[in-house]
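Notes follow the structure.
Protein chains: 2
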Amino acid sequence: MRSVHISLGSRSYDILIGSAVAVDEVLPTTGLGRGVAVIVTNTTIAALHLPRIRSALGHAFARVEVVELPDGEEFKTWGSLNQILTALLGWGCDRNTVLFALGGGVVGDVTGFAAATYMRGIPFVQLPTTLLAQVDSSVGGKTAINHPLGKNMIGAFYQPRVVVCDLACLDTLPLRELQAGIGEVIKYGPVADMSFFQWLEGSMEALLAKDREVLADVVQRCCEIKAAVVSSDERESGMRAILNFGHTFGHAIEAGMGYGVWLHGEAVAAGMVMAAELSRRGGLVDEVFVRRLTALIQRAGLPTKGPILDASDNAARYLELMRIDKKSEGGEIRFVLIDSPGKAVLRPVPDALVREVIDVCCE
Amino acid sequence: MRSVHISLGSRSYDILIGSAVAVDEVLPTTGLGRGVAVIVTNTTIAALHLPRIRSALGHAFARVEVVELPDGEEFKTWGSLNQILTALLGWGCDRNTVLFALGGGVVGDVTGFAAATYMRGIPFVQLPTTLLAQVDSSVGGKTAINHPLGKNMIGAFYQPRVVVCDLACLDTLPLRELQAGIGEVIKYGPVADMSFFQWLEGSMEALLAKDREVLADVVQRCCEIKAAVVSSDERESGMRAILNFGHTFGHAIEAGMGYGVWLHGEAVAAGMVMAAELSRRGGLVDEVFVRRLTALIQRAGLPTKGPILDASDNAARYLELMRIDKKSEGGEIRFVLIDSPGKAVLRPVPDALVREVIDVCCE
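Note that the protein sequences, when read in sequence, are chains H and Z. Numbering-wise, the first sequence is residues 1 to 363 according to my numbering. Numbering-wise, the second sequence is residues 1001 to 1363 according to my numbering.
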């Protein structure tokens, strides 16, 4: 089994990467495994993976309970959070109860926030079942729910005790979700490691075919990059924001289309092309880089153009949606731009330039 | 102006104690004071203190907004939290927005939790207007809302940037609330400092008469004790729990009677007598100590007996309510007991002994 360490003092933890991992066997190293385990999952994942995980946790815990949420980004709400908290209270769960998030980003974010806030904090473990969650959302301690007025607006920085990336879970992952995960994978190249990007260019077909070794390499390298960034800036006061490359445009796409219409990774993919084009027009990177990024995104089967959100003034609608982004300050939107391939910067951009890019990059 | 420092590394802050404090003048030392200030208060406090605070903050911030919650423990809910979060999103507040909690424990707890979770954390300032909030709830970073199944069950440890205890706010505090605050003041003696307890025995009349110097001494000493405890155990993994002396019984009283029927400090007062009696029957303290504590609580005008929560089996009802306490572990209730006057310990007690105490101490 491979492992990547996230170094955060008393909140440090490991990401374990393997195939058909026996969760009960990795728990002893974390000090967890007594009392009550509560698995939070969704109805889709429950049908595929719950029996195996439940049985494994039954070896380590005196009692195993399950909360099944409905499946979908539209359920990343206070209602789902409250469903978990109410169940925990109903079962008399105390501060030693361990939450297990079995699912993708939505399950991980909601479960992590429940762990952060139940009795002011209980331990939790991430068991990500999608590529996107394995390379991004389950690592780094960002937890949240959506608010009708904005995505991920209510949440906490709260670290898991361990993350177990089981590549066997990806066997059942639908192609569209695999592709969405590849969106977040591609992101790590332009912001941190162009040799990884180059390797990806030579491995895209194997990745789309779910080659187990290529998947292992991808998950490990993405987690290594994320670990380095998160360890240096846990609460996103600076450098960590570079991991949001493509996300400012992407969040506008998700919100503007209605959550769940575009998958997060699809919106980020189109958002990366827009942010790259913005970097080019800002004089940072050349057209060769933008074309190279666009080509890889296209080979992954991901969108390279943003949708039209408002036929009368599309750019105004994007700008309106982006101003509520968590990276904005005093109404000024700060974009993650590519300074040079492999290096990102965070900075505001004049509205006029952003409008140009939106006009060119949407259809 | 007096000050007490809470030492928590990068989360350290000061508690400032004075009369008619100009809030805008103390802000510069905290690095706060630009962009948007949002004052969260309740309708009662707004009528008394809002104009002065709003005007002061107008000198330091470009924009000052206000959220008015309804007054009362029964509004320490998700509904009030969401009222704050929705207002912040509606005003386009970003991560530099500063929340000011102007009020007692309910306002402080809800506002602190809103600050902890809005965009995963924004700065906040406590402006406690009750004695209870000045000596206890506004210091130490415990934030929470109630859940229908339990008090303070959803929350976070999240520290304010500064706490300003303005003794002038206590001029308008109703006697019953002053007395409830004295309940929490008395607590600090048995758990940490019997010389303070002795001083209180000689100062109770002046305290009830709101003597400004006595109030200043009381707030300072209680904050000093709390600062020492919180600095050594921020997240209540051990020693910090001693500050919950009287609270296990007290929470059962509040929940059993319906939140708001007994004030928190009243429930804690009766709860302290019960916990002291439990300590005596457990062989820790003598009857002289229990009588001395009971006498001081009585002189403060506070209840020394718990209410009957269930005429058919009162002890069973208390036990049922106490098992859901955050200090319980595996269904075993851990009580804060007085080991010897001035020193507390946390330990489980056999149900039979707890039943005896409930039978003797309720009427």
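We put the beta carbon where it would ideally sit given N, CA and C, even for glycine. Bear in mind the structure is a predicted one, so any value in this text is a computation, not a measurement.
Query	Result
Inter-stretch contact (C-beta, 8 Å, three-pair minimum) for the segment 1321-1328 of chain Z and the segment 1210-1219 of chain Z	no
For Z:Lys-1187, the first and last residue of its enclosing alpha helix (DSSP H)	1175-1192
For Z:Gln-1126, three-class secondary structure by DSSP	strand
Neighbour-count burial assignment, H:Asn-146, 16 or more Cβ in a 10 Å radius	buried
Of the listed residues Z:Ala-1300, Z:Gly-1282, Z:Arg-1034 and Z:Val-1288, nearest to Z:Ala-1270 (C-alpha basis)	Z:Ala-1300
Supposed contact pair Z:Val-1273 and Z:Thr-1294 - C-beta distance, whole angstroms, cut 8 Å	5 Å
Contacting residues, own chain, Cβ-Cβ under 7 Å from H:Gln-220 (five flanking each side not counted)	Arg-2, Val-4 and Ile-17
Inter-residue spacing [alpha-carbon to alpha-carbon] between Z:Ile-1053 and Z:Ala-1087	19 Å
8 Å Cβ cutoff, Z:Met-1153 in contact with chain H	yes
Positions along the segment 70-84 of chain H whose CB lies within less than 8 Å of some CB in chain Z	Trp-78 and Asn-82
Euclidean distance between Cα positions of Z:Lys-1142 and Z:Pro-1160	10 Å
Continuous beta strand (DSSP E) assignments of at least 3 residues falling wholly in the segment 1095-1156 of chain Z	1098-1103, 1124-1128 and 1142-1147
Delimiting residues of the alpha helix (DSSP H) encompassing H:Tyr-318	314-322
Which residues DSSP lists as bridging Z:Lys-1343, in chain order	Z:Ser-1340
CA nearest to the CA of H:Arg-355, picked from H:Ala-344, H:Asn-314, H:Val-336 and H:Val-345	H:Asn-314
Per-residue DSSP class, three states only, for H:Phe-245	coil
Continuous alpha helix (DSSP H) assignments of at least 4 residues falling wholly in the segment 1029-1082 of chain Z	1043-1060
Cβ pair Z:Cys-1222, Z:Tyr-1188 closer than 8 Å	yes
Endpoints, alpha helix (DSSP H) assigned at Z:Ser-1364	Residue 1364 of chain Z is absent from the model: chain Z starts at 1001 and stops at 1363.
Within-8 Å CB hit, H:Asp-109 to chain Z	no
Where Z:Arg-1299 sits in the DSSP three-state scheme	helix
For H:Glu-356, three-class secondary structure by DSSP	helix
Contact set between Z:Ser-1328 and chain H, taken where Cβ atoms lie within less than 8 Å	Asp-94
Segment limits, alpha helix (DSSP H) that includes Z:Asp-1217	1212-1232
Cutoff 6 Å; reference Z:Met-1322; Cβ partners in own chain excluding five residues on either side	Thr-1248, Ala-1252 and Ile-1333
Top-ranked residue by Cα proximity to Z:Ser-1138, from Z:Ile-1154, Z:Ala-1180, Z:Met-1194 and Z:Tyr-1158	Z:Tyr-1158
Own chain residues within Cβ distance below 6 Å of H:Val-98, not counting five before or after	Leu-32, Ala-37 and Pro-123
Contact under 8 Å by Cβ, H:Thr-30 with H:Pro-70	no
Contact set between Z:Arg-1323 and chain H, taken where Cβ atoms lie within less than 7 Å	Gly-92
Nearest-angstrom beta carbon gap, H:Val-125 and H:Val-64 [assumed within contact, 8 Å]	With a Cβ gap of about 13 Å, H:Val-64 and H:Val-125 do not count as contacting.
For H:His-5: DSSP bridge partner residues	H:Asp-14
Minimum Cβ-Cβ distance from Z:His-1251 to chain H less than 8 Å	no
Backbone secondary structure at H:Cys-93 - three-state DSSP	coil
Residue burial classification, H:Asp-359 (beta-carbon count within 10 angstroms, cutoff 16)	exposed
Z:Arg-1317: contacting residues in chain H (beta-carbon distance under 8 Å)	Chain H residues near Z:Arg-1317: none, gap ~16 Å exceeds 8 Å.
Separation of Z:Leu-1278 from Z:Leu-1085, as counted between CA atoms	43 Å
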